[in-house]
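Undergrad: Have a look at this one.
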Amino acid sequence: MAAIHTAEFVASTRPVTLPDIPELYNPNYLDVLVPGSTEHLAVEEVKPVELAPVNPYMDALKATANRTYTENQAQALKSTLSPVLDAFNGLTQDIYGSDISRYLTASWKEDPQLTLRLIWNLRSIHDGVGDKELFYRAYGWLYDNHPRTAIANLHHLVTPVCVSGKKNAPAKAHGYWKDLLNIVALACVDELSDIPTQATFLHAPRSPFTYHKNKMPKIAGQETPAERIEASLRESKRAKERAARARKEKAAENHKRLVEKLAQPKFRALYVAVARLFAEQLVKDLAVLQEINALAPGEDRLPLIKKLSLAGKWAPTPSCSHDNVTLMSTAIADLIHAAQVFTFSYPSVLKTSTDPQQRAVVLRSFYQRWVLTELRRAAWYPEPLMSAQRWKEIKYNWVSSAAMKNNMSHFFAHDPEGFEQYLTSVEENKKSISGATLLPHELVAEAIKCSQPYDESKKTLGQLKRKLASTRLRVVEAQWKTLIDNLREAGSIENSLAICDVSGSMGYISGGYDKRHVQPILPAVALSLVLASLSKAPWNGGFVTFSAHPQFVTVDLAQPLADQVRLMQNADWSMNTNLQAVFLDLLLPLAVQNNVKQEDMVKRLFVFTDMQFDEAQPENEGATVWETNYDRIEQAYKAAGYEVPQIVYWDLASSGNAANKTVEVESDRKGVAMMNGFSPAMLKVFMGEQVEEEEAEAMEWESVGEDGESVTVVEKKAESEFNPENVMKKALMRPSYDGLVILD
């Protein structure tokens, strides 16, 4: 092991020490720092409940308080009348501050266990909504109001509990290790909860655009070139000195804030929890690393490499983003040192030095060199190889979907032959490509971008851009295929069609992509294409678009994603959001005209929309009747002798104004479900239902009669009604959330 010299830590002027944290080494830190309530409520005398007097007129009057209108003046409802369902349906990407608190406070009051599952569902990449920043804000509410519960369940973000339908496939975690660092950093800078807009820690302000200065003609009497160079060097030196002072002041400010935060028991408990989770996993990974290093040359290392977690990749690097704010590297390095797991010794200076700064710098240096660097090298992560310009050593089938999306142009530029060979192998099903964690609308947006024409006047540049775009399209196609294949592992979707809102309020599909403010049209089109791919024949390969004039669009699933999207762009698009027209002008008349039997009708329709439907016609005057679009549709189907199909309203609204939120039905309305968000993982709630029904059709058990004879009893299990509340519970009661516990 290379020696760590005193000069290395003497040169460090940034404070990297932590105040004394004895709880860091105590496995019962939570009980010490955030003890549970020891108060026992006195048993009160049970008094008879007095029923409030009932008045039909007042009941009817109160019911009008739940009435509202969509932005297009259609009659609608404000609430489902279930606080948990309202939170499940209302917590979207642009909800902040008091709206988060209002939803979750009411939901927790109704059902704490479901609310805790709901919060984790917001983060779950594989079983839920997959919105990490929305989860952070919801977790912030939990941390403020139920800190023991929040901290005790942190490990469920990184514990592999999400199981796919694929045989022998490893379980996956709801989130990733970086979530833990984000949560601590946000709590440290007071951006974890009750914030009115996006956290600046996660979205650093962009530098303003600067223009090149025009060269001015030389004028007699001006400085010579040598003088100008000397002046420029002096200014550059002054700028470096100013930047160094600013960094030093910022580091001192961050350190002061961290010390103040660590004096607060709740934050200290959060900090200790994250440090211990990282240290414990890194120690386990180091043990695996020792096994790998002990292998003889030529022995297969892959089985052991697969045992390594991603903690080594996401653990904080000293003096980088998260560590600058939290000094988490110091705490983790100290815990690993205390574990004494290495077969080699730490630097001797740790035994002789009493200076906390010196000790911290040595531990951090050791942690970076012998823990992070070694684990990242062994696990074949692409980032170290990219930094070292060792592009040809990158194993592309080990690159994560997000890293592939962000770096494919670099792979194309630095290793064109190797990357081309890899893509060819993927297309021939010889190698795999990661794509399961990308959202469908991200791939659709990329496909649209890569299909744009380039300036033909710049021949060489145009050819290069076309070749790069073609390569990017190949990656997108492969990742789309991976995404669909992974979803299929959860089962098929029976007898279902998508209805895609393409009205003006949804945005413009070719209007560019901004991940901070996603236009609803992109996820609407993307999820419609996903459903068209997953639905079981003959219901696959098409969906209905609606604006002013609904139409059925046939999708050739054998065609590339870019061609499927291009077909969508040629569909009927207008400003209207006429949901009734889909049912009353297209689906129902078609059934009546062709004498379609009830059993041949479509069973379920997924409506991907922003929920701002057009006004129902004809309009009812006064307060005597209040009918939403769904009420009108149901009436029309009954009048024609049909049962209305089950409808899943999938809310994709990008507006963060909770006051404008509308719903079509209340929580117990049969035949309706409510979903939101951009993740196709929520479709799993509706997958494999035929298998579930067959398994639940009958339960057999042995019963012994009075005469001692054994009799087989067949008991049919009651099927739960398809309504918003039951479908929500099906989503939240997935086994991957079973480990969550409530402590306060």
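Start counting the sequence shown at 1470; every next residue gets the next number (the numbering used here).
All C-beta atoms in this analysis are idealised placements derived from N, C-alpha and C, irrespective of residue type, glycine included.
Quantities reported herein were computed from a predicted structural model and do not represent experimental measurements.
Name the DSSP beta bridge partners of Ser-1965, please?
TA: The residue given as residue 1965 occupies position 496 in the sequence shown. In the DSSP output, where bridge partners are listed per residue, Ser-1965 has Arg-2073.
Undergrad: Considering just the uninterrupted stretch of the beta strand (DSSP E) at Thr-1821, what are its terminal residues?
TA: Numbered from 1 along the sequence shown, position 352 holds the residue referred to as residue 1821. Per DSSP, Thr-1821 belongs to no beta strand (DSSP E); it is in the alpha helix (DSSP H), 1818 to 1821.
Undergrad: If contact is defined by three or more beta carbon pairs under 8 Å, each pair taking one atom from either stretch, is the region 1962 to 1972 in contact with the region 2009 to 2018?
TA: The answer is yes - the region 1962 to 1972 touches the region 2009 to 2018, with three or more Cβ pairs under 8 Å.
Undergrad: Per the DSSP calculation, Trp-1646 is bridged to which residue(s)?
TA: The residue you call residue 1646 lines up with position 177 of the sequence shown. Trp-1646 pairs with nothing; no bridge assigned.
Undergrad: Under the assumption that Thr-1940 contacts Ile-1902 (Cβ atoms under 8 Å), give the Cβ distance between them as a whole number of angstroms.
TA: For the purposes of this step, residue 1940 is taken as the residue at position 471 of the sequence shown. For the purposes of this step, residue 1902 is taken as the residue at position 433 of the sequence shown. Rounded, the Cβ-Cβ distance is 13 Å, inconsistent with contact.
Undergrad: In whole angstroms, what separates the C-alpha of Glu-1768 from that of Asn-1762?
TA: Position 299 of the sequence shown, counted from the first residue, corresponds to residue 1768. Position 293 of the sequence shown, counted from the first residue, corresponds to residue 1762. In a straight line, the C-alpha of Glu-1768 is about 11 Å away from that of Asn-1762.
Undergrad: Within its chain, find whatever has a CB closer than 8 Å to the CB of Ser-1413; leave out the 5 residues flanking it on each side and keep chain order.
TA: No information on residue 1413 is available, as it lies outside the stretch 1470 to 2213 that the chain covers here.
Undergrad: Roughly how many angstroms lie between the CA atoms of Asp-1489 and Ala-1534, to the nearest whole one?
TA: As a working mapping, residue 1489 is identified with position 20 in the sequence shown. As a working mapping, residue 1534 is identified with position 65 in the sequence shown. Each residue's Cα considered, the two are about 56 Å apart.
Undergrad: Can you give the Cα-Cα distance for Asp-1648 and Pro-1674, rounded to whole angstroms?
TA: Here residue 1648 is taken as the residue at index 179 of the sequence shown, counted from 1. Here residue 1674 is taken as the residue at index 205 of the sequence shown, counted from 1. Cα-Cα distance, rounded: 21 Å.
Undergrad: Please determine, among Ile-1620, Gly-1644, Ile-1801, the residue with the shortest C-alpha to C-alpha distance to Cys-1631.
TA: Along the sequence shown, one-based indexing puts residue 1631 at 162. Measuring from the Cα of Cys-1631, the nearest candidate turns out to be Gly-1644.
Undergrad: So is Met-1873 buried or exposed if we call it buried at 16+ other beta carbons inside 10 Å?
TA: Here residue 1873 is taken as the residue at index 404 of the sequence shown, counted from 1. So Met-1873 counts as buried.
Undergrad: Please report the distance separating the alpha-carbon of Leu-1655 from that of Ala-1668.
TA: By one-based count along the sequence shown, residue 1655 stands at place 186. By one-based count along the sequence shown, residue 1668 stands at place 199. Roughly 8 Å between the two C-alpha positions.
Undergrad: Note down the Cα distance separating Asn-2145 from Ile-1569, rounded to an integer number of angstroms.
TA: The residue you call residue 2145 lines up with position 676 of the sequence shown. The residue you call residue 1569 lines up with position 100 of the sequence shown. Near 16 Å, if we compare the C-alpha coordinates of Ile-1569 and Asn-2145.
Undergrad: Assuming Thr-1786 and Gln-1837 form a contact by the criterion Cβ under 8 Å, report the distance between their Cβ atoms to the nearest whole angstrom.
TA: Taking the sequence shown and counting its residues from 1, the one referred to as residue 1786 is at position 317. Taking the sequence shown and counting its residues from 1, the one referred to as residue 1837 is at position 368. So it is a contact: roughly 7 Å between Cβ atoms.
Undergrad: Do Glu-2148 and Gly-1559 have their C-beta atoms closer together than 8 Å?
TA: Residue mapping note: residue 2148 aligns to position 679 of the sequence shown, counting from 1. Residue mapping note: residue 1559 aligns to position 90 of the sequence shown, counting from 1. It should be noted that the sequence gives Ser, not Glu, for residue 2148. No, the Cβ-Cβ distance between Ser-2148 and Gly-1559 is not below 8 Å.
Undergrad: Would you be able to state if there are at least three C-beta pairs under 8 Å between the region 2203 to 2210 and the region 1580 to 1590?
TA: Yes: at least three Cβ pairs fall under 8 Å.
Undergrad: Can you tell me which of the three DSSP states Leu-1844 falls into?
TA: Here residue 1844 is taken as the residue at index 375 of the sequence shown, counted from 1. Looking at Leu-1844 - three-state DSSP - the assignment turns out to be helix.
Undergrad: Looking only at C-alpha atoms, which of Ser-1593, Pro-1616, Tyr-1494, Ala-1545 sits nearest to Pro-1433?
TA: Outside the modelled stretch of the chain, which goes from 1470 to 2213, sits residue 1433, for which no answer is possible.
Undergrad: Measure the beta-carbon distance from Leu-1998 to Leu-2152 and round it to whole angstroms, keeping in mind my assumption that it falls under 8 Å.
TA: Residue 1998 sits at position 529 when you count from the first residue of the sequence shown. Residue 2152 sits at position 683 when you count from the first residue of the sequence shown. Contact flag wrong, Cβ pair sits at about 12 Å.
Undergrad: How about Trp-2095 and Gln-1544: are their beta carbons less than 8 Å apart?
TA: Within the sequence shown, residue 2095 is the residue found at index 626, counting from 1. Within the sequence shown, residue 1544 is the residue found at index 75, counting from 1. Yes, these two residues count as a Cβ contact at 8 Å.
Undergrad: Looking at the secondary structure, which residues open and close the beta strand (DSSP E) in which Gly-2011 lies?
TA: Numbered from its first residue, the sequence shown carries residue 2011 at position 542. From DSSP, the beta strand (DSSP E) with Gly-2011 extends over 2011 to 2015.
Undergrad: Which residue from Ala-2050, Glu-1862, Gln-2049, Ile-1801 puts its Cα closest to that of Thr-1486?
TA: Taking the sequence shown and counting its residues from 1, one reaches residue 1486 at position 17. Here the closest residue by C-alpha is Ile-1801.
Undergrad: Are three or more beta carbon pairs between the region 2043 to 2056 and the region 2000 to 2007 nearer than 8 Å?
TA: Contact between the region 2043 to 2056 and the region 2000 to 2007 is absent, because fewer than three Cβ pairs lie under 8 Å.
Undergrad: Identify the continuous alpha helix (DSSP H) that holds Met-1877 and give its terminal residues.
TA: Position 408 of the sequence shown, counting from 1, holds the residue named residue 1877. Residues 1870 to 1883.
Undergrad: Which class does Phe-2191 belong to by DSSP, given the choice of helix, strand or coil?
TA: The residue labelled residue 2191 in the question sits at position 722 within the sequence shown. Three-state result, Phe-2191: coil.
Undergrad: Among Val-1752, Lys-1900, Asn-1793, which one has its Cα closest to the Cα of Ala-1780?
TA: In the sequence shown, the residue the question calls residue 1780 occupies position 311. Comparing Cα positions, the closest option is Val-1752.
Undergrad: Just to confirm my understanding: we take Gln-2062, look at its own chain, exclude 5 residues before and 5 after, and list those with CB closer than 6 Å. What are they?
TA: As a first step, residue 2062 is located in the sequence shown; it is residue number 593 there, counting from the start. Excluding positions up to five away in sequence, the list is empty.
Undergrad: Please report the residue range of the beta strand (DSSP E) in which Gln-2020 lies.
TA: For this step, residue 2020 is matched to residue 551 along the sequence shown. First-last of the beta strand (DSSP E) with Gln-2020: 2020 to 2023.
Undergrad: Run through DSSP, which three-state label would Ala-2050 get?
TA: Mapped onto the sequence shown, residue 2050 falls at position 581. Ala-2050: helix per DSSP, three-state reduction.
Undergrad: Report, in whole angstroms, the separation of the C-beta atoms of Arg-1592 and Leu-1626, which I expect to be a contact under 8 Å.
TA: In the sequence shown, residue 1592 corresponds to position 123, counting from 1. In the sequence shown, residue 1626 corresponds to position 157, counting from 1. Contact flag correct, Cβ pair sits at about 7 Å.
Undergrad: Please name the residue in Gly-1634, Phe-1888, Trp-1839 whose C-alpha comes closest to that of Val-1810.
TA: Translated into positions along the sequence shown, residue 1810 becomes position 341. Considering only alpha carbons, the answer is Trp-1839.
Undergrad: In the DSSP assignment, what residue or residues form a beta bridge with Val-2141?
TA: Against the sequence shown, residue 2141 aligns to sequence position 672. Looking at the DSSP assignment, Val-2141 forms a beta bridge with Ile-2116.
Undergrad: Would a C-beta distance cut-off of 8 Å place Val-2117 and Phe-2075 closer than the cut-off?
TA: One-based indexing of the sequence shown puts residue 2117 at position 648. One-based indexing of the sequence shown puts residue 2075 at position 606. Taking 8 Å as the Cβ cut-off, Val-2117 and Phe-2075 qualify as a contacting pair.
Undergrad: For Arg-1536, does the three-state DSSP call read helix, strand or coil?
TA: Residue numbering aside, residue 1536 sits at position 67 when the sequence shown is read from its first letter. Of the three classes helix, strand and coil, the one that applies to Arg-1536 here is strand, per DSSP.
Undergrad: Indicate whether the contact test is met: 3 or more Cβ pairs, each with one atom in the region 1878 to 1886 and one in the region 1912 to 1920, closer than 8 Å.
TA: Verdict: no, contact absent.
Undergrad: Work out the CA separation of Gln-1921 and Gln-1932 for me, nearest whole Å.
TA: In the sequence shown, residue 1932 corresponds to position 463, counting from 1. In the sequence shown, residue 1921 corresponds to position 452, counting from 1. Straight-line Cα distance between these residues: approximately 13 Å.
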